[in-house]
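Chains as they are written, first to last, in numbering that gives the first Met the number 0: chain U, 0 to 362; chain S, 0 to 233.
Using N, Cα and C, we set each Cβ at its ideal position, and we do this for glycine too.
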Amino acid sequence: MAMRQTPLTCSGHTRPVVDLAFSGITPYGYFLISACKGAGQHLPALSGQRYGKPMLRQGDTGDWIGTFLGHKGAVWGATLNKDASKAATAAADFTAKVWDAVSGDELMTLAHKHIVKTVDFTQDSNYLLTGGQDKLLRIYDLNKPEAEPKEISGHTSGIKKALWCSEDKQILSADDKTVRLWDHATMTEVKSLNFNMSVSSMEYIPEGEILVITYGRSIAFHSAVSLDPIKSFEAPATINSASLHPEKEFLVAGGEDFKLYKYDYNSGEELESYKGHFGPIHCVRFSPDGELYASGSEDGTLRLWQTVVGKTYGLWKCVLPEEDSAELAKPKLGFPETTEEELEEMTSENSDCIYSSTPDVKA
Amino acid sequence: MQQTTVCVCVSVSVDTSAPWLISSGGFSVNLITRLVPHSGNCEELAQCLSTELISSLEHRGHWEGGSVLGAGHLAAEKHRGHLEAHGEEIQGTESARGQEGIAPETPVTIPVPVLRLPRGPDGFSRGFAPDGRRAPLKPEVPQIQECPIAQESLESQEQRARAALRERYLRSLLAMVGRQVSFTLHEGVRVAAHFGATDLDVANFYVSQLQTPIGVQAEALLRCSDIISYTFKP
Numbered sequence: 000m001a002m003r004q005t006p007l008t009c010s011g012h013t014r015p016v017v018d019l020a021f022s023g024i025t026p027y028g029y030f031l032i033s034a035c036k037g038a039g040q041h042l043p044a045l046s047g048q049r050y051g052k053p054m055l056r057q058g059d060t061g062d063w064i065g066t067f068l069g070h071k072g073a074v075w076g077a078t079l080n081k082d083a084s085k086a087a088t089a090a091a092d093f094t095a096k097v098w099d100a101v102s103g104d105e106l107m108t109l110a111h112k113h114i115v116k117t118v119d120f121t122q123d124s125n126y127l128l129t130g131g132q133d134k135l136l137r138i139y140d141l142n143k144p145e146a147e148p149k150e151i152s153g154h155t156s157g158i159k160k161a162l163w164c165s166e167d168k169q170i171l172s173a174d175d176k177t178v179r180l181w182d183h184a185t186m187t188e189v190k191s192l193n194f195n196m197s198v199s200s201m202e203y204i205p206e207g208e209i210l211v212i213t214y215g216r217s218i219a220f221h222s223a224v225s226l227d228p229i230k231s232f233e234a235p236a237t238i239n240s241a242s243l244h245p246e247k248e249f250l251v252a253g254g255e256d257f258k259l260y261k262y263d264y265n266s267g268e269e270l271e272s273y274k275g276h277f278g279p280i281h282c283v284r285f286s287p288d289g290e291l292y293a294s295g296s297e298d299g300t301l302r303l304w305q306t307v308v309g310k311t312y313g314l315w316k317c318v319l320p321e322e323d324s325a326e327l328a329k330p331k332l333g334f335p336e337t338t339e340e341e342l343e344e345m346t347s348e349n350s351d352c353i354y355s356s357t358p359d360v361k362a
Numbered sequence: 000m001q002q003t004t005v006c007v008c009v010s011v012s013v014d015t016s017a018p019w020l021i022s023s024g025g026f027s028v029n030l031i032t033r034l035v036p037h038s039g040n041c042e043e044l045a046q047c048l049s050t051e052l053i054s055s056l057e058h059r060g061h062w063e064g065g066s067v068l069g070a071g072h073l074a075a076e077k078h079r080g081h082l083e084a085h086g087e088e089i090q091g092t093e094s095a096r097g098q099e100g101i102a103p104e105t106p107v108t109i110p111v112p113v114l115r116l117p118r119g120p121d122g123f124s125r126g127f128a129p130d131g132r133r134a135p136l137k138p139e140v141p142q143i144q145e146c147p148i149a150q151e152s153l154e155s156q157e158q159r160a161r162a163a164l165r166e167r168y169l170r171s172l173l174a175m176v177g178r179q180v181s182f183t184l185h186e187g188v189r190v191a192a193h194f195g196a197t198d199l200d201v202a203n204f205y206v207s208q209l210q211t212p213i214g215v216q217a218e219a220l221l222r223c224s225d226i227i228s229y230t231f232k233p
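As structure tokens, this is what we get:
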């Protein structure tokens, strides 16, 4: 029997999810941070306020770990450092914040002169790069938060994305119509690319120094070192975000038609397309191990998708052909908040169809 | 053969008050009404509803994979009573409609099974649970420095008290061995058994002749997390 993709929906945000990022692989697995435009529904005391609430989740299951509370506006950008010990967020309240991603506490608030859109840690987590509507790139020394940041000017429109690259020796930044490469040491522009259409997203792949840029319906790949073009694909609809698999076999992209597309990176062939979101997709990223990808949408949800459909990974359970086909006909869905014990019960051979079970009993 | 045409209506609306239905995305689907001609067999109806729901949701871009099948089945259960009543009504006015079943969807693919859905926010806290995976990484809250000597004796007093209490508890467990113990579990369930042993962490009790509402279990392990209280006569 052919297997059909079962996306896992992570609830919690009710406003559009505009950015998401994975950490590296840590001894505790990997983590995912998501940023949304407005109030999260799950905290009724604060629901009257329309503030973005970035959330931290376990990367392989999508389980919520915590919500970073403190911003007083929509959160436009969110990122984790490599070992997921720190998080950074960029918000419409003219601040970027650095958080302790283990305790959820706010560590630093970095004041800006306009909406902040993008944040990125260096590999050693010592510096934070920010960019936003004030058209300036700022580099903060996180060991000296009181010190003034170094500023790089040159952009002529608001900065949408800024990333460290080439082992933090260079900086890539995208505004509406240009992508620029800067040298960190000299703080000067090295090269730039111009586009006719608005650049919607940018992703940097360190292994291979590849830059993924989306604009209009195009998904383009450039060298991150020279900005020379490598290849590009056209999608059926306007694309807002794309991500390249760590092993560079596939790429996934999503945009205005609510669908996620999966392409073979080498041939450009469209392999799959998935419906599931109820709104335009704003961001999509592969996990650091490439086993799943996450998409964030205008519909307020974050969804996890398997790279290899049918494989046992995270919450997805492989079903062998010998297993009872009657079992297959009754998909074993759990209710949210089930305990580990209930989980074992549900997957046992003798479990009844769970729809007739009594409400959850929490141990 | 005359067919009973039972009219069942299925439509989709977003309703957050019925968490027992599709729970992915925090949306719930409330099945209400749409007209679907069918033969009157409720098992077939479950399949019809599933199929109709799938196509209805697909059409609206609300396709959720495996979860939809479940909802179709469950909705069929709920509406069974309604259908039967309605079916009887229709019987009187049998129509000569032919076999107008809903064509099964082709090709049949199986949605990848999932163990459960991702856990969402708990609704009352900001999370970062102290018992989470990464709890050992949290910095220790520095202790307030009081007079060191007084501090020590307070601590050692506490430690001695803890040791004494633990020793009493362990001895109580020893005294329980071989006795009839009555356990109070969740949901007002009471069971009785002969106590055998506990494990190192007192996470499980090994018991025999466990008297449960559905029979006597010769040997069993009771999870301590399920036990609210227990009592025995030494």
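Using a Cβ cut-off of 8 Å (strictly closer), state whether residue i contacts chain U.
{"i": "S/G187", "result": "no"}
{"i": "S/V113", "result": "yes"}
{"i": "S/G120", "result": "The sequence shown places Pro at residue 120 of chain S, rather than the Gly named in the question. Closer than 8 Å to some Cβ of chain U, the Cβ of S/P120 qualifies, so yes."}
{"i": "S/L220", "result": "no"}
Report all residues from its chain with a CB closer than 7 Å to the CB of residue i; omit the five preceding and five following residues, and keep chain order.
{"i": "U/L68", "result": "K52"}
{"i": "U/I138", "result": "Y126, L128, P148, K149"}
{"i": "U/E269", "result": "Y260, Y262"}
{"i": "S/G126", "result": "P120"}
{"i": "U/G72", "result": "Y50, G51, A90, A91, D92"}
How about residue i and residue j: are their beta carbons less than 8 Å apart?
{"i": "U/H276", "j": "U/T237", "result": "no"}
{"i": "U/F194", "j": "U/T177", "result": "yes"}
{"i": "U/K160", "j": "U/G207", "result": "no"}
{"i": "U/L55", "j": "U/G65", "result": "yes"}
{"i": "U/H154", "j": "U/K168", "result": "no"}
{"i": "U/G11", "j": "U/W75", "result": "no"}
{"i": "U/V118", "j": "U/A100", "result": "no"}
{"i": "S/A217", "j": "S/Q208", "result": "yes"}
{"i": "U/P366", "j": "U/W304", "result": "Outside the displayed range of chain U (0 to 362) lies residue 366 of chain U, so it cannot be described from this structure."}
{"i": "U/S217", "j": "U/S200", "result": "no"}
{"i": "U/C317", "j": "U/A223", "result": "no"}
{"i": "S/F231", "j": "S/S181", "result": "yes"}
{"i": "U/A95", "j": "U/H111", "result": "yes"}
{"i": "U/G130", "j": "U/S172", "result": "yes"}
{"i": "U/G289", "j": "U/P228", "result": "no"}
{"i": "U/F21", "j": "U/R284", "result": "yes"}
{"i": "U/Y29", "j": "U/G37", "result": "no"}
With a threshold of 6 Å on Cβ separation, who are the neighbours of residue i within its own chain once the five nearest residues in sequence on each side are excluded?
{"i": "U/S156", "result": "D174, D175"}
{"i": "U/K190", "result": "L180, L226"}
{"i": "S/F204", "result": "T197, L221"}
{"i": "S/P212", "result": "none"}
{"i": "U/D18", "result": "A34, G76, A77, C282"}
{"i": "U/D256", "result": "A236"}
{"i": "U/H70", "result": "Y50, G51, A90, D92"}
{"i": "U/T60", "result": "G313, L314"}
Would a check of beta-carbon distances place residue i closer than 8 Å to chain S?
{"i": "U/T306", "result": "no"}
{"i": "U/V101", "result": "yes"}
{"i": "U/T88", "result": "no"}
{"i": "U/R3", "result": "yes"}
{"i": "U/L19", "result": "no"}
{"i": "U/W315", "result": "yes"}
{"i": "U/G61", "result": "yes"}
{"i": "U/Q309", "result": "In the sequence as displayed, the identity of residue 309 of chain U is Gly instead of Gln. Closer than 8 Å: yes."}
Using a Cβ-Cβ cutoff of less than 8 Å, which residues in the same chain neighbour residue i once the five nearest sequence positions on both sides are dropped?
{"i": "U/R3", "result": "V308"}
So with CB distances below 9 Å, who are the chain S contacts of residue i?
{"i": "U/A234", "result": "The premise fails here: U/A234 is roughly 18 Å from chain S at the closest Cβ pair, so nothing lies under 9 Å."}
Counting only Cβ pairs nearer than 9 Å, list the residues of chain U close to residue i.
{"i": "S/T197", "result": "Ordered by position in chain U, no residue passes the 9 Å Cβ test against S/T197, which lies about 17 Å from the chain."}
{"i": "S/G214", "result": "Those do not exist, as S/G214 stays about 15 Å from chain U at its closest Cβ, beyond 9 Å."}
Going along chain U, which residues have a C-beta under 8 Å from residue i?
{"i": "S/I227", "result": "The contacting residues do not exist; S/I227 stays about 10 Å from chain U at best."}
{"i": "S/T108", "result": "M0, A1, M2, R3"}
Could you list which residues in chain S have their beta carbon closer than 7 Å to that of residue i, in chain order?
{"i": "U/S272", "result": "Those do not exist, as U/S272 stays about 12 Å from chain S at its closest Cβ, beyond 7 Å."}
{"i": "U/L68", "result": "R125"}
Below 8 Å on C-beta distance, what does residue i contact in chain S?
{"i": "U/C9", "result": "P117, G119"}
May I ask you to check if the CB of residue i is nearer than 7 Å to at least one heavy atom of the ligand PLP?
{"i": "U/D175", "result": "Within the structure as shown, the ligand PLP is missing, as the structure has no ligands at all."}
Problem set entry | Length at least 4, wholly inside the region 225 to 301 of chain U: the alpha helix (DSSP H) runs in chain order | none
Problem set entry | beta strand (DSSP E) runs wholly inside the region 181 to 212 of chain U, at least 3 long, in chain order | Correct list: 187 to 193, 198 to 204.
Exercise. At which residue ranges does the region 59 to 108 of chain U contain complete beta strand (DSSP E) runs of 3 or more residues, listed in the order of the chain?
Worked result: 63 to 66, 74 to 79, 85 to 90, 94 to 99
For this session: Starting from the N-terminal side, write out each stretch of the alpha helix (DSSP H) that is 4 residues or longer and does not extend beyond the region 143 to 206 of chain S.
Result: 147 to 175
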